[in-house]
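Numbering (the working numbering), first residue to last: 8 to 186.
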C-alpha cells in the first residue's frame, strides 16, 4: 500500500511540475511591433515555395507584406503560426500577403510539419536553405518578423513570438494599406 501511495504521489508531483515547467517555458505572445526608426528598402530575394516555384518579394510590390523568418524546431515560431494564418484570412489578399521563410530545412520535412498543425497554413512558405536572405535581413534569432509597406520599405519589426491577429497588429497593417 505504501508503494502504491508513493507511486501516486510521485506521479502527481511529476505532472504538477511538468505543467508548471511547460507554463514557464511558454510566456504569453506579445503583439507589439517595433517601428523602424529609419525606413529602409526591403532587400529583394527569390526563393522556392512548397511547390518548388520561385517567388520574389518584389512580386508583391503594392501590397503590405508580413515577412516572417521561422523554423519547425522553434517553439515560439510554432506558437505564432495559427495567428499568422488567422491574420492571413482576415485581410484581403489583394492588399496584404503573409510570407513565412523557413530556415535551412528540407521541403519534405516542413510539409510533414505543416500537415500536423491544427490548421494547414494557406500563406506562402518559402525556403532559405542557406540563410542568405536571413543574413540580408540581419536576423539574429527566430522568429523574426518584418512588416513591409506597399512601396517595399521595412516599417516595423518584431523579434520573438507574436499574436499577429491581435487588433493592434491588424490596425497597424490596415493603416499601412490605407497609406
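By construction, the Cβ of each residue, glycine as well, lies at the ideal position given by its N, Cα and C atoms.
For residue i, which residues from the same chain have a beta carbon less than 6 Å from its beta carbon, with the 5 sequence-adjacent residues on both sides left out?
i	result
residue 153	74, 161 and 164
Grouping DSSP H, G and I as helix and E and B as strand, with all else coil, what is residue i?
i	result
residue 86	helix
residue 120	helix
residue 101	coil
residue 157	coil
residue 79	coil
residue 58	coil
residue 72	strand
residue 127	coil
If we ignore side chains and look at the alpha-carbon of each, how far apart do residue i and residue j end up?
i	j	result
residue 146	residue 76	8 Å
residue 35	residue 132	25 Å
residue 58	residue 52	17 Å
residue 103	residue 184	8 Å
residue 44	residue 111	30 Å
residue 180	residue 130	16 Å
residue 167	residue 82	10 Å
residue 69	residue 108	20 Å
residue 98	residue 106	14 Å
residue 128	residue 100	14 Å
residue 186	residue 42	16 Å
residue 123	residue 116	11 Å
residue 144	residue 50	7 Å
residue 87	residue 118	17 Å
residue 40	residue 182	14 Å
residue 136	residue 142	12 Å
residue 64	residue 177	21 Å
residue 139	residue 61	15 Å
residue 187	residue 96	In the structure as shown, the chain starts at 8 and stops at 186, and residue 187 therefore has no counterpart that could be examined.
residue 151	residue 67	20 Å
residue 80	residue 157	31 Å
In chain order, what residues of the same chain have a beta carbon less than 8 Å from the beta carbon of residue i, not counting five sequence neighbours either side?
i	result
residue 114	55, 57, 59 and 134
residue 78	84, 109, 110, 111, 112 and 149
Closer than 6 Å to a non-hydrogen atom of the ligand GDP - does that hold for the CB of residue i?
i	result
residue 66	Summarising the ligand content, the structure contains no ligands, and the ligand GDP is consequently not present.
Pop quiz: residue i and residue j are said to be a contact at Cβ under 8 Å. What is the actual Cβ separation, rounded to whole angstroms?
i	j	result
residue 155	residue 71	7 Å
Quick check on residue i - is its C-beta less than 7 Å from some C-beta in chain D?
i	result
residue 106	Given the protein chain composition of this structure (a single chain), no chain D is represented.
Can you list, in chain order, the residues of its chain with a C-beta nearer than 7 Å to that of residue i? Leave out the 5 residues immediately preceding and following it.
i	result
residue 38	169, 170, 173, 175 and 176
residue 120	79
Q: Count the C-beta pairs between the region 165-173 and the region 88-108 that are closer than 8 Å, then say yes if the count reaches three, no if not.
A: With the cut-off at 8 Å, the region 165-173 and the region 88-108 touch.
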